[in-house]
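Chemist:
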Amino acid sequence: MDLNLLVGGPCSEWPEGLLESNQEDKIWIGADRGALHLVKSGIKPKWVIGDFDSSAPAEKELIKNASPEIITARPEKDDTDTELALKEIIKRYGSCKIKVFGATGGRLDHLLANLFFVLREPFYKYMQNIKLYDKHNTVSFFKPGNYQLKKEKDKRYLAFVPLTAVKKLTLKDEKYRLDKMDFAVPVSLPSNEFQGPTANFSFETGVVCVIQSKD
Numbered sequence: 445m446d447l448n449l450l451v452g453g454p455c456s457e458w459p460e461g462l463l464e465s466n467q468e469d470k471i472w473i474g475a476d477r478g479a480l481h482l483v484k485s486g487i488k489p490k491w492v493i494g495d496f497d498s499s500a501p502a503e504k505e506l507i508k509n510a511s512p513e514i515i516t517a518r519p520e521k522d523d524t525d526t527e528l529a530l531k532e533i534i535k536r537y538g539s540c541k542i543k544v545f546g547a548t549g550g551r552l553d554h555l556l557a558n559l560f561f562v563l564r565e566p567f568y569k570y571m572q573n574i575k576l577y578d579k580h581n582t583v584s585f586f587k588p589g590n591y592q593l594k595k596e597k598d599k600r601y602l603a604f605v606p607l608t609a610v611k612k613l614t615l616k617d618e619k620y621r622l623d624k625m626d627f628a629v630p631v632s633l634p635s636n637e638f639q640g641p642t643a644n645f646s647f648e649t650g651v652v653c654v655i656q657s658k659d
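Under our numbering, the first residue of the sequence shown is numbered 445, with each subsequent residue one higher.
(1) Just verifying my parser: in three-state terms, what is the DSSP assignment at residue 583?
(2) Can you give the beta carbon distance from residue 397 to residue 548, rounded, assuming they're within the 8 Å contact cut?
(3) Over the uninterrupted beta strand (DSSP E) stretch that includes residue 615, give me the two end residues.
(4) Whole angstroms is fine: what's the gap from residue 494's alpha carbon to residue 639's?
(5) Once you ignore the five residues that flank residue 560 on each side, which residues in its own chain have a CB closer than 7 Å to its CB?
(6) Look at the Cβ atom of residue 603, then the Cβ atom of residue 584, and state whether they are nearer than 8 Å.
(7) Please confirm whether residue 449 and residue 542 have their CB atoms less than 8 Å apart.
(8) Output the distance between the C-alpha atoms of residue 534 and residue 569, rounded to the nearest integer angstrom.
(9) Spell out the partners DSSP gives residue 490 in its beta bridges.
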């Protein structure tokens with residue numbers, strides 16, 4: 445099962461044409477402001493979740509009338525609305541693939557939360573099922589292992605971002621290569637590139653975020 449989660453980041457950062465057509469065969473879930481964007485676009489979400497503290501009364505009524513199920517959270521909570529939605533998805537559906545939109549742009553604290561949440565349970569177990577998308581980037585998360593990435597046709601750049609201490613990161617056939625490099629702290633290794641349709645990498649400990657990007 446593939447699920448699409450729309451959260452509350454600015455619409456200007458969405459992939460082009462995200463909600464415009466061919467939505468009938470897709471399962472959408474809305475988190476807080478993302479729920480409003482879905483229903484305003486004529487998309488009926490499977491369910492919505494959030495504190496909805498930024499929504500006006502008329503907007504809340506619109507969400508209520510268009511949503512089969514609403515899960516309301518308190519504004520004072522330990523999780524972001526994105527994390528609440530992902531926890532509920534994991535609880536209900538387990539190992540489904542989750543595409544998250546609206547998780548970038550706007551507030552930097554939310555952006556950082558949306559990158560580092562995978563280090564905690566229950567997200568850690570399922571991190572490789574979760575991807576973040578915006579108009580410039582696709583963000584994936586990896587546990588230790590050996591991997592082959594497929595180049596997205598519209599993306600030029602490739603970044604490797606250790607989110608924790610990482611041991612023996614090897615970039616085998618990218619434009620800029622590494623051979624069993626250790627990193628003691630989180631760091632971004634930007635502006636790498638594919639040399640062909642695929643790129644291989646591996647590491648032995650830690651968590652690595654991989655970003656395919658275009659200008």
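Glycine included, each C-beta is placed from N, C-alpha and C at the ideal position.
Modeler: In brief:
(1) In the sequence shown, residue 583 corresponds to position 139, counting from 1. Note: residue 583 maps to strand in three-state DSSP.
(2) Within the shown structure, residues of the chain are numbered from 445 to 659, placing residue 397 beyond reach of any answer.
(3) The residue labelled residue 615 in the question sits at position 171 within the sequence shown. Where residue 615 is concerned, the enclosing beta strand (DSSP E) stretches over 610-615.
(4) Taking the first residue of the sequence shown as position 1, residue 494 is located at position 50. Taking the first residue of the sequence shown as position 1, residue 639 is located at position 195. Distance between the alpha carbons of residue 494 and residue 639 is about 42 Å.
(5) For the purposes of this step, residue 560 is taken as the residue at position 116 of the sequence shown. Closer than 7 Å at the Cβ level, and outside the excluded window around residue 560, lie 607.
(6) Residue numbering aside, residue 603 sits at position 159 when the sequence shown is read from its first letter. Residue numbering aside, residue 584 sits at position 140 when the sequence shown is read from its first letter. For residue 603 and residue 584, no; Cβs fall outside 8 Å.
(7) Within the sequence shown, the letter at position 5 stands for residue 449. Within the sequence shown, the letter at position 98 stands for residue 542. In contact: residue 449 and residue 542 (Cβ atoms closer than 8 Å).
(8) Start at 1 with the first residue of the sequence shown, and residue 534 comes out as number 90. Start at 1 with the first residue of the sequence shown, and residue 569 comes out as number 125. Distance between the alpha carbons of residue 534 and residue 569 is about 10 Å.
(9) By one-based count along the sequence shown, residue 490 stands at place 46. Answer by DSSP bridge pairing: none, since residue 490 is not bridged.
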